[in-house]
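In this note's numbering, the protein residues as written are 1 to 406.
Heads up: the structure comes next, in structure tokens.
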């Protein structure tokens, strides 16, 4: 049993890593994709919005499919589709807008199923372990994002065609994820009868809603950094073009560091304390960014944002699993939709406020929204008879000693 869980944990961690690489390769090369296909500035936002909308549809579909198919099987086949869709995005040429639409559509639908099923398996494995391991999975995702962004930089630096940049990655990752999928471990939901009476029979959306809001707030903050950090540093804080590329990389590195240490914090202090601390650090980061007198102070703000926001999403998935132990797959799939809701809202919101008001003032809006997490922090508390009376129950299957959080 110990070997089965260890292999399941390692293979799922690799899946998170592969998805981090894949997603970073797509989003960091958006300008190159636009140029390759000749997509107009007016049409580009439509393509960018369609991906998260379709991903939300994929997550909704996954909620229904897991009633008949194990999440491990959905993950096993959705990840190759995502990789092949990435390659298809890079393979088209100028004027082939319909081909781009089909490739991005397949990417969006598959990534919704992939995100949902990955986190379903992570939540069920955490339940089996009886201690926090979700932040470790998301730390590996951040590591993959850094690797993917670095590969994208190399491709742009050497002026490689998109398909030349994407093909080696797909050739390496596709067989690796298929082999690794043999060891995915479906922990399975707890017996429905174990749930409190008010939660039997499935997910009660009224109880899940606070976590849905937190997920949206976290991704509004995240999309603000990914979409506006470079422009903000250059246009508002007067940095050079080269320095303006640094904040997102710093944000990704601090996200990795925070998530790598986060599981230990949850085990030691509890999820509520970690979420509250992360919220305050993230809000402080937005405050520093909004009031920064220069570029280096702004960099400090984005560093704080990475350290603060990084704990919210993994702990929100974990909290949904604890809240509905007999229906955790459905809860995770439904919660995952609000990942894309936050992504869709964040970037246009900051842009509209920046144009109509000021970009400094616009940074205060995600700060206020992230602070709203404090109102819902009690939703992250361990449920009675789930993880024990303390922060975590004793280790019943501690197969990860010395694994550094994987």
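We treat Cβ as the ideally placed atom computed from N, Cα and C, and that holds for glycine.
Residue 46, buried or exposed, once every other Cβ within 10 Å from all chains shown has been counted against 16: exposed
- request: Could you give the DSSP three-state label for residue 392: helix, strand or coil?
  value: Confidence is the limiting factor: at residue 392 the pLDDT is only 46, short of 50, which leaves the residue's position unreliable and the question unanswerable from this model.
task: Taking residue 251 as the reference, give the member of 306, 183 and 155 with the closest Cα.
output: 306
query: Does the Cβ of residue 35 have 16 or more other Cβ atoms within 10 Å, making it buried, or fewer, making it exposed?
result: exposed
- prompt: Which same chain residues, not among the five before or five after residue 71, have their C-beta less than 7 Å away from its C-beta?
  reply: 117, 120, 121, 186 and 329
message: In the DSSP assignment, the alpha helix (DSSP H) including residue 96 goes from what residue to what residue?
response: No alpha helix (DSSP H) contains residue 96, which DSSP labels as neither H nor E.
message: So the candidates are 139, 211 and 342; which of them puts its Cα closest to the Cα of residue 275?
response: 211
task: Spatial neighbours of residue 113 within its chain, please: CB distance less than 6 Å, with the 5 preceding and 5 following residues excluded, ordered by chain position.
output: 58, 62, 74 and 78
message: Tell me which residue opens and which closes the alpha helix (DSSP H) that residue 234 is part of.
response: Element bounds for residue 234: n/a, residue is neither H nor E.
task: With DSSP as the reference, label residue 358 as helix, strand or coil.
output: coil
message: Let's test the definition: count the other Cβ atoms within 10 Å of the Cβ of residue 180 and tell me whether it reaches 16, buried, or not, exposed.
response: buried
query: Using CA coordinates, which residue listed in 258, 312 and 230 is at the minimum distance from residue 213?
result: 312
task: Counting only the same chain and skipping the five closest in sequence on each side, list residues whose C-beta sits under 7 Å from that of residue 226.
output: 248
field: residue 219 versus 168, 163, 340 and 11, residue with shortest Cα-Cα distance
entry: 340
message: If contacts are defined as beta-carbon pairs under 8 Å, then residue 282 and residue 309 qualify, I think. What distance do you get, rounded to the angstrom?
response: 5 Å
query: For residue 14, does the count of other Cβ atoms within 10 angstroms reach 16, so buried, or fall short, so exposed?
result: buried
Sub-8 Å separation of residue 272 and residue 378 beta-carbons: yes
message: If distances are taken between C-alpha atoms only, which option among 170, 115, 65 and 163 comes closest to residue 33?
response: 163
- prompt: Under the three-state reduction of DSSP, which class applies to residue 212: helix, strand or coil?
  reply: helix
- prompt: Assuming residue 353 and residue 361 make a contact with CB atoms under 8 Å, what is their CB distance in whole Å?
  reply: 7 Å
- request: Could you check what DSSP says for residue 120 in three-state terms: helix, strand or coil?
  value: helix
message: Taking a contact to mean a Cβ-Cβ separation below 8 Å, would you say residue 138 touches residue 366 in this structure?
response: no
query: Secondary structure at residue 381, three-state DSSP: helix, strand or coil?
result: coil
task: Identify, in the order they occur along the chain, each residue of the same chain with its Cβ nearer than 8 Å to the Cβ of residue 82, setting aside the five sequence neighbours on each side.
output: 19, 22, 107, 110, 111 and 114
Among 56, 239, 141 and 10, nearest to residue 294 - alpha-carbon criterion: 239
message: With a threshold of 8 Å on Cβ separation, who are the neighbours of residue 94 within its own chain once the five nearest residues in sequence on each side are excluded?
response: 36, 37 and 38
- prompt: Would you report the Cα separation of residue 189 and residue 356, rounded to the nearest angstrom?
  reply: Below a pLDDT of 50, predicted positions are generally treated as unreliable, and residue 189, at 47, falls in that range; no measurement from the model is reported.
task: Indicate whether residue 364 and residue 279 have their beta-carbon atoms separated by less than 8 Å.
output: no
- prompt: Among the residues of its own chain, which have a CB less than 6 Å from the CB of residue 388, if the five just before and after it don't count?
  reply: With a pLDDT of only 38 at residue 388, under the threshold of 50, the placement of this residue in the model should not be trusted, and no figure is reported.
message: Using the three-state DSSP reduction, which class does residue 204 fall into: helix, strand or coil?
response: coil
- request: Leaving out five residues on either side along the sequence, give the residues of the same chain with a beta carbon under 6 Å from the beta carbon of residue 345.
  value: 220
message: Between the alpha carbons of residue 24 and residue 161, how many angstroms are there, rounded?
response: 16 Å
query: Taking the C-alpha atoms as reference points, what is the distance between residue 268 and residue 155?
result: 42 Å
query: In this structure, does DSSP put residue 186 in helix, strand or coil?
result: coil
task: Leaving aside the five residues before and after residue 141 along the sequence, list all residues of the same chain whose C-beta is less than 6 Å from its C-beta, in chain order.
output: 16 and 20
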